[in-house]
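Just below is one structure, and these are the notes that go with it.
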Amino acid sequence: MLFREEDEDLEVLPFVDRFEAGRVLANRLSTYAGRDDVVVLGLPRGGVPVASAVAGALHVPMDVFVVSKLGTPWNRELAMGAVAEGGMQVLDLSIVKELCVSEKDIQGVAAAARKELEYREGLYRGSRPPLELAGKTVILVDDGIATGCSILAAAAAIRRRKAARVVVAVPVAPASGCSAIRMEADEVISVAEPELFLAVSQWYQDFSQISDEDVRSLLDRMAASIPHAA
Numbered sequence: 080m081l082f083r084e085e086d087e088d089l090e091v092l093p094f095v096d097r098f099e100a101g102r103v104l105a106n107r108l109s110t111y112a113g114r115d116d117v118v119v120l121g122l123p124r125g126g127v128p129v130a131s132a133v134a135g136a137l138h139v140p141m142d143v144f145v146v147s148k149l150g151t152p153w154n155r156e157l158a159m160g161a162v163a164e165g166g167m168q169v170l171d172l173s174i175v176k177e178l179c180v181s182e183k184d185i186q187g188v189a190a191a192a193r194k195e196l197e198y199r200e201g202l203y204r205g206s207r208p209p210l211e212l213a214g215k216t217v218i219l220v221d222d223g224i225a226t227g228c229s230i231l232a233a234a235a236a237i238r239r240r241k242a243a244r245v246v247v248a249v250p251v252a253p254a255s256g257c258s259a260i261r262m263e264a265d266e267v268i269s270v271a272e273p274e275l276f277l278a279v280s281q282w283y284q285d286f287s288q289i290s291d292e293d294v295r296s297l298l299d300r301m302a303a304s305i306p307h308a309a
């Protein structure tokens, strides 16, 4: 792995796991600790354990913010965009153009993604209502940034819900990959931004799959331990 020697932040890499990454990230967010106008939102699935560690350290309420990736018709793992709660959709036009994805294909993939999103909202929250975001400082957390589509869709959707401030916070992101996100968010905070970046998983010793049940369990635990935002 190639690091910029002058960047001391990279000394923390690789993180042991997502919980440790969240605790380290929380140190960069200490100015938001204990404030009644702050909420933390984790992107499922991998961002939720990171967000739980951040919210626990800052002692602020936490919720999930569901985003569904738009995979290309030929490769579902290759993201060409994302849809977020509230119907916000973001497309990576460079990929759409390069792969000649038709409008019909985009609409088909997006329709399926919205159904998946609605299902996961119910699965993760159950009968618990989402946190109120209007007038709040929202710290949006994921375990890292790859294409950035999910973060962009979520940040735009949160802005639409009249959040006072949107802070994107991640343990690791590519050094050159946050410019679009910085245009959408009020602040972007990362622990490290390596020059050589192939995948988020390379910066974790343990990057085990997070299940839907893991997400529900963490949300239930955080709801019980930290007061719900007013």
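Counting from 80, one number per residue, gives the positions in the sequence shown under this note's numbering.
Cβ atoms here follow ideal geometry from the backbone N, Cα and C, with glycine treated the same way.
Worksheet item: Looking at the unbroken beta strand (DSSP E) that takes in D116, where does it start and where does it end?
Response: Boundaries for D116: no beta strand (DSSP E) harbours it, and the DSSP string shows neither H nor E there.
Worksheet item: DSSP three-state call for S258: helix, strand or coil?
Response: Correct three-state label for S258: helix.
Item to complete: Taking R244 as part of the alpha helix (DSSP H), name the residues at either end of that continuous run.
Response: That residue, R244, is in no alpha helix (DSSP H); its beta strand (DSSP E) goes 244-251.
Practice prompt. Would you check if the distance between the CB atom of V162 and the CB atom of R193 is smaller than 8 Å?
Written response: A Cβ-Cβ contact shorter than 8 Å links V162 with R193.
Fill in: Candidates R204, L170, E177, G125, of which the one nearest E99 by Cα
The option with the nearest alpha carbon to E99 is G125.
Practice prompt. Count the C-beta pairs between the stretch 242-258 and the stretch 174-182 that are closer than 8 Å, then say yes if the count reaches three, no if not.
Written response: no
Worksheet item: Hey, out of A112, P209, V246, R261, whose CA is closest to A302's CA?
Response: Comparing Cα-Cα distances from A302 to each of A112, P209, V246, R261, the minimum goes to P209.
Discussion item. Taking the straight line between their C-alpha atoms, what separation do you get for L104 and F286?
Written reply: 17 Å
Fill in: Coil, strand or helix - A191 by DSSP
helix
Discussion item. Short of 6 Å in beta carbon distance, which residues of its chain neighbour A254, apart from the five on each side in sequence? Order them along the chain.
Written reply: Counting only Cβ-Cβ distances below 6 Å, and skipping sequence neighbours, we find E272, E274.
Discussion item. On a Cα-Cα basis, can you pick out the residue from A191, L108, Y111, E200 that is closest to V294?
Written reply: E200
Practice prompt. Name the two residues that bound the continuous beta strand (DSSP E) containing S269.
Written response: Residues 266-271.
Worksheet item: Does the distance from the C-beta atom of I268 to that of M141 stay below 8 Å?
Response: no
Worksheet item: In terms of DSSP beta bridges, what is T151 paired with?
Response: N154
Practice prompt. Return yes when the Cβ of E263 is within less than 8 Å of the Cβ of A313, no when it is not.
Written response: Nothing can be reported for residue 313, as the shown portion of the chain is limited to 80 through 309.
Practice prompt. Out of S147, G165, L137, point me to the one whose CA is closest to L157's CA.
Written response: The shortest C-alpha separation from L157 is found at S147.
Worksheet item: How about the stretch 108-124 and the stretch 275-285: do they share at least three Cβ pairs that are nearer than 8 Å?
Response: no
Worksheet item: Does the beta-carbon distance from S290 to L122 come in below 8 Å?
Response: no
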